[in-house]
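The block underneath contains the structure these notes are about, expressed in structure tokens.
Numbering (the numbering used here), first residue to last: -13 to 320.
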């Protein structure tokens, strides 16, 4: 129990019911992660354990187990894969904090803030390598291939976002393509692996993969909304980093598209400033327009698409739990 509290912290109310179905599996995942992240070298051991504490809601492991349960019976492979996808997710968070120069995550100092960028980059690489080792312990090579391809797509998405910084003419579709790669691909991978290793038929496996992809897109849109108008005390992480890094997220794309040419010029001048006060400066603009409501509607539409993918699955508690998880994504405050 002590390990569960230290690693995951308090599970949000919206996830407690679906997680109750897989609580033992999630606890086993945490124990496996703690075991896998041990090192004989004190600094590496400390760093890896600290990175593990930055993990949060364990949504990706939950997707592995629930997708497996929705199609069959989870096995030891699901435990290995749940730990692997969580390692990949944590690695991306640690690397993201370097890219965004964030200082707080899960109410804790980020690795780059507590140590430095070099330690963060290497810790992320360390977690990626451990994840692939876990995937290699699964009975077939399918997991390694899928996880490696997923990591490649995620990196491409991040690189595309880096390249598009400052490009506030970015189209809504280009934005959606980027977040589908950098965020939702791992959710889709988690669902695919869970279904595949439970022996799901191709149609159900494809449906759950699509479910994960739509859920992941909605998750990132909600994240981008929170970065603009969220409460740091509730989210437990640095906010406003997208603005500082001049990322064209959906609320900004919408705001600019609904503005007149003079307004656009004023907004672009504001967004190009280097000072970290964009959230406060943008608040009047956000309050006057529909950028937040529009983005929330887009996220809600993705969740409806996600839930539709579950329609042909057997009516089971696992399917109900996946529906509940989808609903949580767009109402969360953290």
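Think of the CB as a built atom: it goes at the ideal place given N, C-alpha and C, for glycine as much as any other residue.
These numbers come from a predicted model, not from an experiment.
Residue i - DSSP class collapsed to helix/strand/coil
{"i": "residue 184", "result": "coil"}
{"i": "residue 90", "result": "strand"}
{"i": "residue 297", "result": "coil"}
{"i": "residue -12", "result": "Because residue -12 sits at a pLDDT of 37, beneath the cut-off of 50, its placement in the model cannot be relied upon, and the point is left open."}
Own chain residues within Cβ distance below 8 Å of residue i, not counting five before or after
{"i": "residue 65", "result": "11, 14, 15, 18"}
{"i": "residue 302", "result": "55, 56"}
{"i": "residue 101", "result": "33"}
Residue from the options whose Cα sits closest to the Cα of residue i
{"i": "residue 83", "options": "278, 73, 68, 110", "result": "110"}
{"i": "residue 2", "options": "27, 36, 286, 45", "result": "45"}
{"i": "residue 90", "options": "217, 270, 254, 307", "result": "217"}
{"i": "residue 103", "options": "315, 187, 80, 255", "result": "80"}
{"i": "residue 193", "options": "38, 86, 246, 294", "result": "294"}
{"i": "residue 177", "options": "308, 29, 76", "result": "308"}
{"i": "residue 201", "options": "42, 21, 286", "result": "286"}
{"i": "residue 300", "options": "205, 191, 199, 315", "result": "191"}
{"i": "residue -3", "options": "253, 58, 37, 42", "result": "42"}
{"i": "residue 325", "options": "215, 252, 271", "result": "Look at the range of the chain in this structure, -13 to 320, and you will see that residue 325 is not part of it."}
{"i": "residue 20", "options": "70, 94, 62", "result": "70"}
{"i": "residue 37", "options": "161, 137, 47, 113", "result": "113"}
{"i": "residue 325", "options": "292, 119, 162", "result": "For residue 325 there is no data in the structure shown, the boundaries of the chain being -13 and 320."}
{"i": "residue 76", "options": "47, 62, 143, 63", "result": "47"}
{"i": "residue 115", "options": "106, 94, 73", "result": "73"}
Rounded separation between residue i and residue j - CA only
{"i": "residue 52", "j": "residue 249", "result": "47 Å"}
{"i": "residue 280", "j": "residue 237", "result": "8 Å"}
{"i": "residue 5", "j": "residue 276", "result": "34 Å"}
{"i": "residue 8", "j": "residue 310", "result": "14 Å"}
{"i": "residue 49", "j": "residue 175", "result": "9 Å"}
{"i": "residue 180", "j": "residue 148", "result": "31 Å"}
{"i": "residue 124", "j": "residue 153", "result": "42 Å"}
{"i": "residue 273", "j": "residue 243", "result": "15 Å"}
{"i": "residue 165", "j": "residue 172", "result": "11 Å"}
{"i": "residue 187", "j": "residue 121", "result": "21 Å"}
{"i": "residue 184", "j": "residue 67", "result": "12 Å"}
{"i": "residue 98", "j": "residue 86", "result": "10 Å"}
{"i": "residue 210", "j": "residue 229", "result": "10 Å"}
{"i": "residue 268", "j": "residue 168", "result": "26 Å"}
{"i": "residue 213", "j": "residue 233", "result": "11 Å"}
{"i": "residue 198", "j": "residue 205", "result": "10 Å"}
{"i": "residue 256", "j": "residue 182", "result": "48 Å"}
{"i": "residue 321", "j": "residue 150", "result": "The chain is shown from -13 up to 320; residue 321 falls before or after that span and cannot be answered."}
{"i": "residue 60", "j": "residue 127", "result": "18 Å"}
{"i": "residue 235", "j": "residue 30", "result": "35 Å"}
{"i": "residue 108", "j": "residue 117", "result": "14 Å"}
{"i": "residue 141", "j": "residue 289", "result": "24 Å"}
{"i": "residue -1", "j": "residue 239", "result": "32 Å"}
{"i": "residue 144", "j": "residue 282", "result": "23 Å"}
Spatial neighbours of residue i in its chain, beta-carbon cut-off 7 Å, leaving aside the 5 residues before and after
{"i": "residue 159", "result": "none"}
{"i": "residue 35", "result": "23"}
{"i": "residue 96", "result": "83, 88, 89, 90"}
{"i": "residue -8", "result": "Legend: pLDDT at residue -8 = 44, less than 50; position of this residue unreliable, no value from coordinates given."}
Same chain only: Cβ atoms within 6 Å of residue i, ignoring 5 sequence neighbours per side
{"i": "residue 146", "result": "164"}
Fully enclosed by the segment 129 to 210, which alpha helix (DSSP H) runs are 4 residues long or longer? Listed in chain order, the complete alpha helix (DSSP H) runs (minimum 4 residues) inside the segment 129 to 210 are 158 to 165, 171 to 182.
Where in the segment 226 to 287 do unbroken runs of the alpha helix (DSSP H), each at least 4 residues long, occur, reported from the N-terminal end onward? Listed in chain order, the complete alpha helix (DSSP H) runs (minimum 4 residues) inside the segment 226 to 287 are 227 to 230, 236 to 243, 247 to 257, 264 to 274.
Kindly provide the ranges of any alpha helix (DSSP H) runs that are 4 or more residues long and lie completely inside the segment 45 to 75, ordered along the chain. The segment 45 to 75 contains, as complete alpha helix (DSSP H) runs of 4+ residues, the segments 45 to 57 (chain order).
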